[in-house]
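Take a look at the structure below.
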Amino acid sequence: MKRKDFIKLAAMAPVSYFLELPSFLENFSNQEDVMYFRKGTEAYEKSRKGFNKRIDKYPSIIANCRTEKGVVDAVLRAQKEGLPVAVKSGGHCMEGFSSNQGGMVVNLSELNSVEWLDEHTIQVGPACTLSKLYDELLPKGVIVPGGSCAGVAVGGLALGGGYGLLSRSLGLTCDSMKGLRMVNGKGQVIDTDSDPDLLKACKGGNSGNFGIVTSIRFNVHRAPTHMQSFKFRSFSVSTTRAFSLFQQWFEKSALLPNHCFSAFVLNRKTAYILLVNTGKLTEEVNSFIASFKSISDKYTQSVRQPLSQALKNYYGRREPLYFKNASAGLYNDFKDIEDRLKSVIDKVGKTTGMIFQVNTLGGKVRDAAYEKASVFPYRKHSFFSELQVYWDRPSQEESGLKSFQEVQMMINPKGDMPQYRNYPDIRFKNAPQVYYGGSYPFLQKMKSRHDPGNIFRYEQSIVA
Ligand SMILES: Cc1cc2nc3c(=O)[nH]c(=O)nc-3n(C[C@H](O)[C@H](O)[C@H](O)COP(=O)(O)OP(=O)(O)OC[C@H]3O[C@@H](n4cnc5c(N)ncnc54)[C@H](O)[C@@H]3O)c2cc1C
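Note that the numbering used here has the sequence shown beginning at 9, numbered continuously upward.
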């Protein structure tokens, strides 16, 4: 068959589940719905890469899906060829679970539309980035609470939970999900309107575990109009000083109203406290500001900016980086980290490119109705912490990772701390249990119902 004849044939049959293709024609199959790429093509290389330059995997085939039909086609093909499937929306997974070695990657980057269903509901393609989402919503005065970084996609973010600057006032990203469509491991398309259990499981539990989500319907919230940031920096901090700052921050941030977010960022020997406020300067907020102003080396505050402008200050870098970043535990309070903190501060202070950060949760994340409707298991925890290390050249990787692992061992020596799935680490013992806690048995049921053949599998995927 000549190439032009094949293209004619493909146009007549938008999806060709059972068509055997000669390998030279593979890149031209079902172009409206899906294109398959193998190693050696430019398109393969482009689709293969993710945000983290440390991760370098080579799938056997990449299915660039343009429609839901194309996703079905890819799943059936993977089944037929016995390939494990990794699902990729924005490619920001910190351990590269959206790619694999020798299997199939279903790349959804073209499923990134935003569509209004009514004045309170939007339908979003999983690969829609946060910057695209905010650009669509904020001019209309509404928002779906998401993360900070512009290039993170809604798919990966929401399906693993999704927290950010507005979580304490509006909940996690997954809490705003009203419904979605998913292609399961049998190649069936399911709308959660007819399967409420599936919706619950996807609110924090479906990071490429039992199906490919092709669109998500979100409830939008009225957005705060303005945001103001307050920054407190202390330089060349001794271990004793950093420890004391941490302790005070844990105590004072727990008293902040829900319209505030705060983070403590220890970047080598610089202690940086961020406070973000989208509401009134209440007594608690003023007291927080006064306390840290008096004990920090440098204090700055931004003007009150319109939200659409203010969020851009936290968009971060768009181009891929070399780094390792992972959850470093969810805490109830200072006591959960107190006995290990001095050694952590010491080591972070000596390691180039290392950051230990603690962020506030709480507020609306604790909402009982949200808790009941989702599988996100750690809503009672008031703090989420993360460890990061960055480097510029591959030759620096080994020492960066070694220090990273040493700090991880200090923080979590028994390996039993709860961890946030969106910040995974390949070395976590007992994953996926540490990600899903008490929700794990329910998710195992979902796995056996929707992916009995375990087509969606990676190092830490759910096992039925
Ligand atoms: C720079 C940076 C900033 C971040 N900031 C935040 C933040 O502020 N708040 C926060 O909560 N998280 C944050 N994260 C973590 C982020 O939420 C996760 O990395 C998220 O999983 C990324 O989603 P993605 O679609 O971009 O990535 P991908 O790598 O494409 O996917 C991530 C995971 O979700 C699965 N997945 C993706 N799409 C689908 C789908 N359609 N159906 C089923 N499974 C799917 C993948 O298989 C993979 O396991 C950040 C990460 C980075 C790298």
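Note that beta-carbon positions come from the ideal geometry of N, C-alpha and C, so glycine has one too.
Tell me which residues share the same chain as Arg62 and place their Cβ nearer than 6 Å to its Cβ, disregarding the 5 neighbours each side in the sequence.
Residues Tyr330 of the same chain have their beta carbon placed closer than 6 Å to that of Arg62, with the five preceding and five following residues left out of the count.
Say the cut is 8 Å; is the CB of Ile8 nearer than that to a heavy atom of ligand 1?
This structure cannot speak to residue 8, because the chain is shown only from 9 to 472.
Mind checking who Asn192 pairs with in its DSSP beta bridge?
Gly219
Leu167 and Val221: beta carbons closer than 9 Å?
yes
Quick one: what's Tyr307 bridged to in DSSP?
Phe240
Do you know offhand how far Ser469's Cα is from Thr248's?
41 Å
Roughly how many angstroms separate the alpha carbons of Phe392 and Ser335, rounded to a whole number?
If I take the Cα positions, the gap works out to 8 Å.
Just checking Ser106 against ligand 1 - is the residue's beta carbon closer than 8 Å to any of the ligand's heavy atoms?
yes
Is the distance from the Cβ of Phe436 to the Cβ of Leu395 below 9 Å?
no
Is Val273 near ligand 1, in the sense that its beta carbon is under 8 Å from a heavy atom of that ligand?
no
Could you round the C-beta distance between Gly163 and Leu138 to whole angstroms and report it? I think they count as a contact, below 8 Å.
Not really, about 11 Å apart at Cβ, beyond 8 Å.
Please confirm whether any heavy atom of ligand 1 lies closer than 8 Å to the CB of Ser261.
No, ligand 1 has no heavy atom inside 8 Å of this Cβ.
Contact with chain B by Tyr444, beta-carbon distance below 9 Å
Protein chains in the displayed structure number just one, and chain B is not present.
Which ranges does the alpha helix (DSSP H) cover as unbroken runs of at least 4 residues, wholly within the stretch 143–216, from first to last along the chain?
Qualifying alpha helix (DSSP H) stretches, in chain order: 162–168, 175–178 and 204–210.
Near ligand 1: His389 beta-carbon under 8 Å from a heavy atom:
no
So for Phe436, helix, strand or coil by DSSP?
Taken through DSSP and simplified to helix, strand or coil, Phe436 comes out as coil.
Which residue comes first and which comes last in the alpha helix (DSSP H) that contains Leu349?
Lys343 to Lys358
I'd like to confirm something about Thr181: is its beta-carbon nearer than 8 Å to some heavy atom of ligand 1, or not?
Set against 8 Å, the gap from the CB of Thr181 to the closest heavy atom of ligand 1 is smaller.
Please say whether Thr368 and Asn268 have beta carbons closer to each other than 9 Å?
According to the sequence displayed, residue 268 carries Cys and not Asn. Yes. Within cutoff.
Indicate the three-state DSSP secondary structure (helix, strand or coil) for Ser335 in the structure shown.
Residue state, collapsed to three classes: strand.
contact_flag[the stretch 229–238, the stretch 308–315] where n(CB pairs < 8 Å) is 3 or more
yes
How far does the beta strand (DSSP E) with Tyr280 in it reach, from first residue to last?
Thr278 to Asn285
I need the straight-line Cα distance from Ala161 to Gly99, nearest angstrom please.
8 Å
Please report how far the alpha carbon of Asn35 lies from the alpha carbon of Arg74, in whole angstroms.
Low per-residue confidence applies at Asn35: pLDDT is 46, beneath 50, and the placement is therefore not dependable, though the value from the model is reported in the following sentence. C-alpha separation (whole angstroms): 14 Å.
Once the 5 residues before and after Met418 are set aside, which same chain residues still bring their CB inside 8 Å of it?
Arg348, Ser351, Val352 and Lys355
Should Phe26 go down as buried or exposed, given a rule of 16 or more other Cβ atoms within 10 Å for buried?
Residue placement at Phe26 is flagged as unreliable, the pLDDT there being 32, under the threshold of 50; the coordinate-derived value follows with that caveat. The residue in question, Phe26, is exposed, as its Cβ has fewer than 16 Cβ neighbours within 10 Å.
Give me the DSSP bridge partner(s) of Tyr44.
Ala71
Kindly indicate the opening and closing residues of the beta strand (DSSP E) around Phe477.
For residue 477 there is no data in the structure shown, the boundaries of the chain being 9 and 472.
Using the Cβ count rule (16 or more neighbours within 10 Å means buried), how would you classify Leu116?
Per the 10 Å Cβ criterion, buried.
What do you reckon, is the C-beta of Leu174 under 8 Å from a heavy atom of ligand 1?
no
Residues near Thr278 by beta carbon distance below 6 Å, same chain, minus five either side
If we look at Thr278 and ignore the five residues flanking it on each side, its Cβ neighbours are Phe243.
If we count the other Cβ atoms within 10 Å of its Cβ and call it buried at 16 or more, is Asp400 buried or exposed?
exposed
Helix, strand or coil: which one does DSSP assign to His458?
In this structure, DSSP gives His458 a helical state, which the three-state scheme calls helix.
Between the CA atoms of Ile151 and Tyr142 - distance to the nearest angstrom:
Tyr142 and Ile151: Cα-Cα distance of roughly 7 Å.
So is Gln416 buried or exposed if we call it buried at 16+ other beta carbons inside 10 Å?
buried
Using the beta-carbon count (16 or more within 10 Å), is Ser202 buried or exposed?
exposed
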